[in-house]
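Peer 1:
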Amino acid sequence: MGQTRSKKPKELTERDLLKIEIAKELGIWEQVEKDGWESLSNEACGRVGGIMSKRLRDAKKIT
Amino acid sequence: MAEITRVEDFLKENNYKREIIRFKEDTSTSELAAQALGTDVARIAKSIVFKNKSEDFFMVVAAGNVKINNKAIKELTGSKAKMANADEVLSVTGYSPGGVCPFALATDLPVYLDESLQAYDLVYAAAGTSNAVLPISYGELLDITGGIGCRVTSEG
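Line order of the protein sequences matches chains A and B.
Following my numbering, the numbering of the first sequence begins with 85 at its first residue and continues without gaps.
Following my numbering, the numbering of the second sequence begins with 81 at its first residue and continues without gaps.
#1: Along the chain, where does the alpha helix (DSSP H) that runs through B:Phe90 open and close?
#2: Taking B:Lys162 as part of the beta strand (DSSP E), name the residues at either end of that continuous run.
#3: State the DSSP-derived secondary structure class of B:Asn132, mapped to helix, strand or coil.
#4: Would you please verify whether the beta carbon of B:Ile148 is less than 8 Å from any beta carbon of chain A?
#5: Please confirm whether B:Leu156 has its beta-carbon closer than 8 Å to some beta-carbon of chain A.
#6: Select from the segment 175-207 of chain B all residues with a C-beta closer than 7 Å to any C-beta belonging to chain D, and list them in chain order.
#7: Looking only at C-alpha atoms, which of B:Gly179, B:Pro182, B:Glu135, B:Ala184 sits nearest to B:Ala161?
#8: Quick check: the segment 221-236 of chain B against the segment 110-118 of chain B, are at least 3 beta-carbon pairs closer than 8 Å?
#9: Along chain B, in chain order, which residues have C-beta atoms closer than 8 Å to that of A:Val132?
#10: Closer than 7 Å, Cβ to Cβ, to anything on chain B: give me those residues from the segment 107-121 of chain A, in chain order.
#11: Any beta-carbon of chain A closer than 8 Å to the one on B:Ala152?
#12: Going along the chain, which residues of the segment 207-223 of chain B sit with their C-beta nearer than 9 Å to a C-beta in chain A?
#13: Does DSSP put B:Arg98 in a helix, a strand or coil?
#14: Determine the DSSP secondary structure at B:Ala186, reduced to helix, strand or coil.
#15: Per the contact definition of three or more C-beta pairs closer than 8 Å, is the segment 119-134 of chain A in contact with the segment 199-210 of chain B?
#16: Comparing C-alpha positions only, which one of B:Arg231, B:Gly219, B:Ile153 sits nearest to A:Glu95?
#17: Taking the beta strand (DSSP E) that B:Gly219 falls in, what are its first and last residues?
#18: Tell me, to the nearest whole angstrom, how far the beta carbon of B:Ile128 is from that of B:Met139; I am working on the premise that it is less than 8 Å.
#19: Opposite B:Tyr175 in the DSSP bridges: which residues?
#20: Can you find a CB in chain A that lies within less than 8 Å of the CB of B:Val172?
#21: Which residue wins for smallest C-alpha separation from B:Pro190, given the options B:Lys97, B:Thr85, B:Gly227?
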């Protein structure tokens with residue numbers, strides 16, 4: 085069997101990096117790394133999403 | 081038509097090769113879109129804008145055959161939420177109801193992608209107007225919306 089080429093890791097977008105940063109701040113990044121974003125509770129999802137859109141809005145105000 | 085151009089430009093800027101499918105007929109509901117496409121309503125990605133008690137807007141994208149679970153929505157945003165009205169949808173997304181695309185939005189509202197979208201490799205999201213749809217995968221939706229996966233629905 086030929087060696088399967090390892091899939092190139094997905095390039096992280098700015099939003100991905102922001103999501104990771106927020107997850108780390110909330111102390112849930114280890115869980116995400118281990119079990120994926122889907123493992124988060126709805127509360128945790130909501131917190132990440134809420135903080136993320138606030139930061140994006142604030143960033144736009146500054147520029 | 082400007083809305084479709086906005087969606088097309090966003091796709092190009094983000095290197096997505098997906099092509100918008102345009103119809104003569106109306107595709108403004110999940111059922112009508114499924115009918116026009118000749119596919120199952122479970123393959124339609126419906127984008128619903130909500131407003132919570134603190135007047136924060138957010139979007140939930142889910143399969144066309146599932147029902148949004150209000151208790152789960154409350155867990156998601158910490159307070160009860162109701163569907164935004166047509167004027168609110170237009171002002172926060174830049175699209176009229178029936179053509180709400182889950183990206184290239186007028187404002188930065190959080191986007192939550194329900195796990196029901198993972199039932200198929202490809203789903204069809206509205207592409208800015210009520211007679212245009214875009215085939216896209218769950219993974220691509222996650223990337224392009226910068227959204228977060230969640231579980232806020234139950235079978236229809």
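Glycine residues also receive a C-beta, built at the ideal position from the N, C-alpha and C atoms.
Keep in mind that this is a model prediction, so the values were computed, not measured.
Peer 2: The answer reads as follows:
#1: 82-93
#2: 161-163
#3: strand
#4: no
#5: yes
#6: In the structure shown, chain D does not exist; the protein chains are A and B.
#7: B:Glu135
#8: no
#9: Ile228
#10: Trp121
#11: yes
#12: Gly219, Leu222, Asp223
#13: coil
#14: coil
#15: no
#16: B:Gly219
#17: Segment 218-225 is the alpha helix (DSSP H) holding B:Gly219; no beta strand (DSSP E) there.
#18: 7 Å
#19: Its beta-bridge partners do not exist; DSSP assigns none.
#20: no
#21: B:Gly227
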